[in-house]
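Numbering (this note's numbering), first residue to last: 17 to 522.
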């Protein structure tokens, strides 16, 4: 299977800024679309343009590539919804493909993903009958049967919610065969709706909220004690901790409990096991900066330590490698990644840029919009650097003049080894018709060994340069794991080749 096809005239298109660009091949287009998509857990955007595009691309691509991309998205990019979409859409196109069973079992890594997959299956197949989930794909069904045996009672109980499709519905539809007697008892409890209520922060706080208190002061004291109990229990998951830092501070837990929170947040093993996308730390950091608490700064420092742990595995560059990091701050980048999120592509670009900056010893960084502006900051604070950049975005304006990054180097005759541009790839020239590809071609004359890396954060399907030649490379996604692709490129590989290394086993 050949991915790196030479760009021809038919691949020349215009981007959303109506300037010349290169249309990505069907494999590159699917890859960038998948790893830059955020779907609601309820899949309410089933008719959206992004889903329509995904469906068309899945039909065009080799099913083996789609399956491996689904595994890559789940296990490497830590995405939950998109892999389920890929599996269901793949089943619609290739109904008898036995690899779908293995794929389905593998990508379901949380109990509620069983019902989420079925919820999307129902929407994707536009079922309007009374039994909306009848005629389930045999391969999807077999994969779900195996998936049922991956989880214990606590995991089922934790996600046993009053949703349209419940575990009981899924059990009757899928008919899993229990792997042992203990598992059969769990299935019986699902049928009888008799799963033991799990000890989670949601259930504990919900139960406490049902109580009547003598006064507001008594209620506040009770919730303070409950948060302290939850912190001591060790059962407050890492993501739950990140999302509840404001609640913990506002409940005024003791200084010892704040210390415990900080130690948990910065614990290396817990950070790596949590598999949090980098912008989750940024969202928590920003929320803390707005809280009136004497402990807020202490927890913000713990978040900085956590992000440093996350950055440790990023293959950086030594003093001999000259690196330039440019972040797109144009208007199109300042758009939420999903309807329910305050995180913007701009935030993701800055976060990834600062993670990489922390791992480079000889680096220049900056932002571009109307102009290219170099911003020198220390490498010590990743989250604080993101905020420092964020506060200065207006200084560069809001156009997408990415070519100015390379033109500045060319005008000053500065040779860089690696130029990293974090962008939505909708680049243009508001002052005329200067194209990045032309500036790059001229720059290669004075810097023949230089490499240009486009980090696509939006997945629109076009790029400003031919990524198959002249040391131009494309990487996409919102996870720090994208930097593994950066390392692979330096060893003669690329994103698509790395994706095809994933084996289709359960």
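Where is the CB? At the ideal position from N, CA and C, for every residue including glycine.
| Check | Outcome |
| --- | --- |
| Through-space distance from residue 235 to residue 511, alpha-carbon basis | 53 Å |
| Other residues of its chain near residue 98: CB distance less than 7 Å, five sequence neighbours each side excluded | 50, 53, 55, 89 |
| Residue 244 versus residue 214 - alpha carbon distance | 18 Å |
| Coarse secondary structure for residue 21, derived from DSSP in three states | Confidence in residue 21 is poor, its pLDDT being 41 and thus under 50, which makes the residue's placement unreliable; the coordinate value appears in the next sentence. Residue 21 falls in the coil class under three-state DSSP. |
| Buried/exposed call for residue 220, threshold 16 Cβ in 10 Å | buried |
| Inter-residue spacing [alpha-carbon to alpha-carbon] between residue 2 and residue 304 | What the structure shows of the chain is the stretch from 17 to 522, and residue 2 is not part of that stretch, so it cannot be assessed. |
| DSSP three-state assignment for residue 381, whether helix, strand or coil | strand |
| Under 7 Å between C-beta atoms of residue 340 and residue 255 | no |
| Stretch pair the region 222 to 233 + the region 188 to 195: three plus CB contacts closer than 8 Å | no |
| Whole-number beta carbon distance between residue 369 and residue 381, since they are thought to touch under 8 Å | 7 Å |
| C-alpha distance - residue 111 paired with residue 66, whole-angstrom precision | 23 Å |
| Cutoff 7 Å; reference residue 372; Cβ partners in own chain excluding five residues on either side | 330, 341, 436, 499 |
| Residue 117 vs residue 173 beta-carbon contact at 7 Å | no |
| Residue 243 - containing alpha helix (DSSP H), residue span | 232 to 249 |
| Neighbour-count burial assignment, residue 461, 16 or more Cβ in a 10 Å radius | exposed |
| Residues bridged to residue 479 (per DSSP) | 38 |
| Chain-order list of residues whose beta-carbon lies under 8 Å from that of residue 161 (same chain, five-residue window excluded) | 190, 191, 192, 193 |
| Local conformation of residue 128 per DSSP, three classes | helix |
| Span of the alpha helix (DSSP H), counted from its first residue to its last, around residue 108 | 97 to 109 |
| Contact check, residue 392 vs residue 374, beta carbons under 7 Å | no |
| Residue from 80, 203, 78, 48 whose Cα sits closest to the Cα of residue 69 | 48 |
| Local Cβ density within 10 Å of residue 273, reported as buried at 16 or more and exposed below that | buried |
| Span of the alpha helix (DSSP H), counted from its first residue to its last, around residue 511 | 511 to 515 |
| Local conformation of residue 467 per DSSP, three classes | strand |
| For residue 170 and residue 478, believed in contact at Cβ under 8 Å, the rounded distance | Residue 478 to residue 170, Cβ: 47 Å. No contact. |
| Residue of 420, 367, 80, 139 minimising C-alpha distance to residue 520 | 80 |
| For residue 140 and residue 104, believed in contact at Cβ under 8 Å, the rounded distance | 5 Å |
| For residue 456, the three-state DSSP class (helix, strand or coil) | helix |
| When 276, 282, 493, 268 are compared against residue 310, the one with the closest alpha-carbon | 268 |
| Short Cβ contact (7 Å threshold) for residue 384 with residue 336 | no |
| Expected contact under 8 Å - CB spacing of residue 123 and residue 130 to nearest Å | Residue 123 to residue 130, Cβ: 11 Å. No contact. |
| Run of the beta strand (DSSP E) containing residue 439, from where it starts to where it stops | 434 to 439 |
| One or two residues paired with residue 352 in a DSSP bridge | 360 |
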